[in-house]
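Just so we're on the same page, the numbering used here is the position in the sequence shown counted from 1, plus 59. Here the structure is laid out as structure tokens; the discussion comes afterwards.
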Amino acid sequence: MKQYKNILVYAMVNLGDVLLTTSATALLRKAYPGAKITMMVRPVVREAVENNPLIDDVILFDYKAKQNSIGKMWSMVKKLKERNFDLAVSYDRKLRPAILCWLAGIPTRVGPEKVFDDVPSRVPWFYTHTIPIKHDLVTTLQAETYQEIIRGFIGTKGHEVPVMSYITEESRKKADELLKRLPRADKKIALCVKGTFELKTWPKEYFAEVVETLAKEYDAAFFVVGAPGDRPYSDEVIREIKDVQVVNYCGDTTLVDLAALISRVDLLITVDTGATHIAATTGVPMVVMYGCTSPDRWHPYNKNARVLTSRESCCPCHVPADGCSSNPKPACLWNVTPEMVLEQCHVLLCD
Numbered sequence: 060m061k062q063y064k065n066i067l068v069y070a071m072v073n074l075g076d077v078l079l080t081t082s083a084t085a086l087l088r089k090a091y092p093g094a095k096i097t098m099m100v101r102p103v104v105r106e107a108v109e110n111n112p113l114i115d116d117v118i119l120f121d122y123k124a125k126q127n128s129i130g131k132m133w134s135m136v137k138k139l140k141e142r143n144f145d146l147a148v149s150y151d152r153k154l155r156p157a158i159l160c161w162l163a164g165i166p167t168r169v170g171p172e173k174v175f176d177d178v179p180s181r182v183p184w185f186y187t188h189t190i191p192i193k194h195d196l197v198t199t200l201q202a203e204t205y206q207e208i209i210r211g212f213i214g215t216k217g218h219e220v221p222v223m224s225y226i227t228e229e230s231r232k233k234a235d236e237l238l239k240r241l242p243r244a245d246k247k248i249a250l251c252v253k254g255t256f257e258l259k260t261w262p263k264e265y266f267a268e269v270v271e272t273l274a275k276e277y278d279a280a281f282f283v284v285g286a287p288g289d290r291p292y293s294d295e296v297i298r299e300i301k302d303v304q305v306v307n308y309c310g311d312t313t314l315v316d317l318a319a320l321i322s323r324v325d326l327l328i329t330v331d332t333g334a335t336h337i338a339a340t341t342g343v344p345m346v347v348m349y350g351c352t353s354p355d356r357w358h359p360y361n362k363n364a365r366v367l368t369s370r371e372s373c374c375p376c377h378v379p380a381d382g383c384s385s386n387p388k389p390a391c392l393w394n395v396t397p398e399m400v401l402e403q404c405h406v407l408l409c410d
């Protein structure tokens, strides 16, 4: 097997996907233990890959399809040329980073024939090695699809799990500080209430019913986590919850702080979102509610995760909420009931 010493991997995708690609990078690291591995990502996910045990360096590419000037593109080409990479691996099939690696003259450029859908694309034109993905994307864990790129290229077998950046002492102290602000209680329960789009976001009324019921049955403190932009919606959810104190920590943590914080709780109740995959790397007991997305593909890598879906015949889908045939109460969300969630919460809290 040819040895590579200076490897670029890139995933110009959202947080959850970037974390899932680290399982494939773990396979790459095993195959080339002496290589330097650099990852190109969007700035918003940098904390998930900086100080990560699998990754030696990070290149940030602020990719915006309609705003990247020729000058900015050429500046990145020069940066890549200066690094003298001998292998580039794509986890996403986006055209622009593939062109960058081609223009930079990276001699071996590897990517999948498909990774998110089966739509034909011109991106493989810029690869030297296009890896066939023979399994059904919809029914296979996405992390396995990413790993199949590496397995197909190096001709190896094996399975790895996603890896989050090291939890620093600073982040542990931040987690301790936030937990001290909560009411004293035997249990600490975290909530992640907002998905990246509407058909991932479980109803407010349902979250309220779950929290109110758990508060009656357990001596528990509750708090919400999420991105800064999630705070207003999380406040709306909190207002739905009667007679229970719930603290809103949306925007109060970095991604590594979030991992540290979630690792200290007894239970996470969450929708399918990037924070779910961060939490999964900590092994925390978690209940995950799926709407239009499928847990067959997006199940978190965590043996302590319990996933819930109503498996509607129309799912998985990619329609906006206002295009859903059962709007304003999409069946995929409303048919995952509080009773279903509470049943799994009781199991996990009693283990």
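Think of the CB as a built atom: it goes at the ideal place given N, C-alpha and C, for glycine as much as any other residue. This one's a predicted model, so the numbers in the text were calculated from it and none came from an experiment.
Open item on the list: Please state whether the Cβ-Cβ distance between Thr84 and Ile96 is less than 8 Å.
Closed with: For the purposes of this step, residue 84 is taken as residue 25 along the sequence shown, with counting starting at 1. For the purposes of this step, residue 96 is taken as residue 37 along the sequence shown, with counting starting at 1. Taking 8 Å as the Cβ cut-off, Thr84 and Ile96 qualify as a contacting pair.
Open item on the list: For Lys263, report the span of its alpha helix (DSSP H) as first-last.
Closed with: To locate residue 263, count along the sequence shown from 1; it is residue 204. From DSSP, the alpha helix (DSSP H) with Lys263 extends over 263–276.
Open item on the list: Given this structure, state the Cα-to-Cα distance separating Pro92 from Gln201, to the nearest angstrom.
Closed with: Counting from 1 along the sequence shown, the entry for residue 92 is found at position 33. Counting from 1 along the sequence shown, the entry for residue 201 is found at position 142. Rounded to whole angstroms, Pro92 to Gln201 spans 24 Å at the Cα level.
Open item on the list: Please state whether the Cβ-Cβ distance between Met399 and Ala318 is less than 8 Å.
Closed with: Working through the sequence shown from its first residue, we reach residue 399 at position 340. Working through the sequence shown from its first residue, we reach residue 318 at position 259. No, they are not a contact pair.
Task: Separation of Leu408 from Leu326, as counted between CA atoms - done: Taking the sequence shown and counting its residues from 1, one reaches residue 326 at position 267. Taking the sequence shown and counting its residues from 1, one reaches residue 408 at position 349. Whole-angstrom Cα-Cα distance: 7 Å.
Task: Buried or exposed by the 16-neighbour rule on C-beta atoms within 10 Å, applied to Arg208 - done: For the purposes of this step, residue 208 is taken as the residue at position 149 of the sequence shown. Here residue 208 is Ile; the residue named in the question, Arg, does not match the sequence. Residue environment analysis places Ile208 among the buried positions, since at least 16 neighbouring C-beta atoms fall within 10 angstroms of its C-beta.
Task: Where Leu119 falls: helix, strand or coil (DSSP) - done: In the sequence shown, residue 119 corresponds to position 60, counting from 1. Here Leu119 sits in strand by DSSP.
Open item on the list: Going by beta-carbon coordinates alone, are Tyr69 and Pro156 separated by less than 8 Å?
Closed with: Here residue 69 refers to the residue found at position 10 when the sequence shown is read from its first residue. Here residue 156 refers to the residue found at position 97 when the sequence shown is read from its first residue. Result yes, Cβ atoms of Tyr69 and Pro156 sit closer than 8 Å.
Task: Helix, strand or coil at Gly217 [DSSP, three-state] - done: Reading the sequence shown from its first residue, position 158 is the one you call residue 217. In the structure shown, Gly217 sits in coil (DSSP, three-state: anything other than H, G, I, E or B).
Task: CB-CB length for Thr368 against Val330, believed under 8 Å - done: By one-based count along the sequence shown, residue 368 stands at place 309. By one-based count along the sequence shown, residue 330 stands at place 271. Rounded, the Cβ-Cβ distance is 12 Å, inconsistent with contact.
Open item on the list: How far does the alpha helix (DSSP H) with Leu78 in it extend, from its first residue to its last?
Closed with: Numbered from 1 along the sequence shown, position 19 holds the residue referred to as residue 78. Element bounds for Leu78: 74–90.
Task: Residues bridged to Pro111 (per DSSP) - done: Here residue 111 is taken as the residue at index 52 of the sequence shown, counted from 1. First, the amino acid is wrong: residue 111 is Asn here, not Pro. Its beta-bridge partners do not exist; DSSP assigns none.
Task: Cα-Cα separation, Glu109 to Ser385 - done: Here residue 109 corresponds to residue number 50 of the sequence shown, with the count starting at 1. Here residue 385 corresponds to residue number 326 of the sequence shown, with the count starting at 1. Cα to Cα, the separation comes out at about 42 Å.
Task: Beta-carbon proximity list for Ala339, same chain, < 6 Å, skipping 5 on both sides - done: On the sequence shown, residue 339 is found 280 positions in, with the first residue counted as 1. Once the five neighbours on either side are set aside, the close Cβ partners of Ala339 are Pro359, Tyr360, Asn361.
Task: C-alpha gap between Leu139 and Cys391, whole angstroms - done: Walking along the sequence shown from the start, residue 139 turns up at place 80. Walking along the sequence shown from the start, residue 391 turns up at place 332. Here the alpha carbon of Leu139 sits roughly 44 Å from the alpha carbon of Cys391.
Open item on the list: Taking DSSP's pairing of strands, which residues face Val366 in a bridge?
Closed with: Position 307 of the sequence shown, counting from 1, holds the residue named residue 366. In the DSSP assignment, Val366 forms a beta bridge with Val347.
- [ ] For my contact list, Val324 and Val343 are in at a C-beta cut-off of 8 Å; report their separation, rounded to the angstrom.
- [x] Along the sequence shown, one-based indexing puts residue 324 at 265. Along the sequence shown, one-based indexing puts residue 343 at 284. The C-beta separation of Val324 from Val343 comes to about 6 Å, placing the pair in contact by the 8 Å criterion.
- [ ] Find out if the Cβ-Cβ distance for the pair Phe282, Tyr265 is shorter than 8 Å.
- [x] As a working mapping, residue 282 is identified with position 223 in the sequence shown. As a working mapping, residue 265 is identified with position 206 in the sequence shown. No, Cβ-Cβ distance for Phe282 and Tyr265 is not below 8 Å.
Task: Span separating the alpha-carbon of Ser230 from that of Leu320 - done: Position 171 of the sequence shown, counted from the first residue, corresponds to residue 230. Position 261 of the sequence shown, counted from the first residue, corresponds to residue 320. Cα to Cα, the separation comes out at about 8 Å.
Task: 8 Å Cβ cutoff met for Ala364 and Val347 - done: In the sequence shown, residue 364 corresponds to position 305, counting from 1. In the sequence shown, residue 347 corresponds to position 288, counting from 1. In this structure, Val347 lies closer than 8 Å to Ala364 by Cβ.
Open item on the list: On a Cα-Cα basis, can you pick out the residue from Val103, Ile213, Gly217 that is closest to Thr313?
Closed with: As a working note, residue 313 is residue 254 in the sequence shown. Distance check between Thr313 and each of Val103, Ile213, Gly217 places Val103 closest, using alpha-carbon atoms only.
TODO: Give the secondary structure of Lys21 by DSSP, where H, G and I count as helix, E and B as strand, and everything else as coil.
DONE: The chain is shown only over 60 to 410; residue 21 falls outside these bounds and no answer can be derived.
Open item on the list: For the ligand PLP, is there any heavy atom lying closer than 7 Å to the beta carbon of Ile208?
Closed with: Judged by which ligands are present, the structure shown has none, so any question about the ligand PLP falls away.
Open item on the list: In the DSSP output, what is Gly170 paired with across the bridge?
Closed with: Start at 1 with the first residue of the sequence shown, and residue 170 comes out as number 111. Answer by DSSP bridge pairing, in chain order: Thr189.
- [ ] Assign Pro379 to buried or exposed, taking buried as 16 or more other Cβ atoms, counted over all protein chains shown, within 10 Å of its Cβ.
- [x] For this step, residue 379 is matched to residue 320 along the sequence shown. A residue is called buried when at least 16 other Cβ atoms come within 10 angstroms of its Cβ; Pro379 does not meet this threshold and is exposed.
Open item on the list: Applying the 10 Å Cβ sphere with the 16-neighbour rule, what's the burial state of Asp76?
Closed with: For this step, residue 76 is matched to residue 17 along the sequence shown. Of the residues assessed, Asp76 falls on the buried side of the cut-off, its CB having 16 or more other CB atoms within 10 angstroms.
Open item on the list: Could you check whether Met71 and Arg105 sit closer than 8 Å to each other, using their CB atoms as the reference points?
Closed with: Your numbering for residue 105 matches position 46 in the sequence shown. Your numbering for residue 71 matches position 12 in the sequence shown. No, they are not a contact pair.
TODO: Can you have a look at Ile129 and say buried or exposed, based on whether 16 or more other CB atoms are within 10 angstroms of its CB?
DONE: Counted from its first residue, the sequence shown places residue 129 at position 70. Counting the other Cβ atoms within 10 Å of the Cβ of Ile129 gives fewer than 16, which makes it exposed.
Open item on the list: Can you tell me whether Leu241 is helix, strand or coil according to DSSP?
Closed with: In the sequence shown, counting from the first residue as 1, residue 241 sits at position 182. Reduced to three states, the DSSP call for Leu241 is coil.
Task: Nearest-angstrom Cβ-Cβ length linking Val174 and Leu159, presumed shorter than 8 Å - done: Residue numbering aside, residue 174 sits at position 115 when the sequence shown is read from its first letter. Residue numbering aside, residue 159 sits at position 100 when the sequence shown is read from its first letter. Actually they do not touch by this definition, with Cβ atoms about 18 Å apart.
TODO: Mind checking which residues open and close the alpha helix (DSSP H) that includes Tyr292?
DONE: To locate residue 292, count along the sequence shown from 1; it is residue 233. Here the alpha helix (DSSP H) through Tyr292 covers 290–299.
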